[in-house]
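In mature numbering (1 follows the signal peptide of the UniProt record, and there is no 0), the protein residues as written are -23 to -1, 1 to 208.
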């Protein structure tokens, strides 16, 4: 029969084995994720804000409030924007959304007008542990690709003469006209970069003023919006 000391020893060994098994098991707190999921989750409630442009923040808050209430004009702005990018694997790196719908949205609030912007995002995984195939130089650069590997094997940097990088895309975004390109870029960078950082993915946004257009500019230049974006 076991003595009290014997039972204590067995209990100690059991606890040690449990801890060892737990430490050797997979780290479920670290999971790979596809770009569209994180992007969509954060763009649904996105509204531009600025520490230097109080009116941009005010109108952004108005947009977010009316969006929660499903107000028509706010949902029109959301619906005109690209919320979930698709076709990135196939090289669809420019996704316009609905520019005309954005520009033609009539907001029944004084001095609230819309503009359509086309920011550009560059992304790449930063963890060798989570995305090892992204850093595997032995992966073949030509079809047929190994369909059993992860998508990051396909997206990894490779010979540009074979095909262009899939690590960059532009998307249409409908926002208040009062916000500057810098306001929008900064708030997008803050929102998206922090979200992607949780998944060990670098995500950087760029936007210049020439990639934002308002209804007033369309009238002055007499050119369809999509034509301006392509030019």
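Don't be surprised by glycine CBs; every beta carbon is placed ideally from N, CA and C.
Every value quoted in this text rests on a predicted model; they were computed, and no experiment measured them.
*Three-state secondary structure (DSSP) at residue 120?*
coil
*Alpha carbon to alpha carbon, how far is residue 188 from residue 99?*
16 Å
*Do you know how far the Cα of residue 90 is from the Cα of residue 35?*
13 Å
_Please report the distance separating the alpha-carbon of residue 80 from that of residue 125._
44 Å
*Grab the span of the alpha helix (DSSP H) containing residue 50 for me, first residue to last.*
49 to 57
*Assign residue 21 to one of two classes, buried (16 or more other C-beta atoms within 10 Å of its C-beta) or exposed (fewer than that).*
exposed
*Going by DSSP, which residues form a beta bridge with residue 102?*
178
*Check residue 153 in the structure and name its three-state DSSP category.*
strand
_Please return the same chain residues whose Cβ sits closer than 7 Å to the Cβ of residue 32, not counting the five positions on each side in sequence._
155
*Name the DSSP bridge partner or partners of residue 190?*
93
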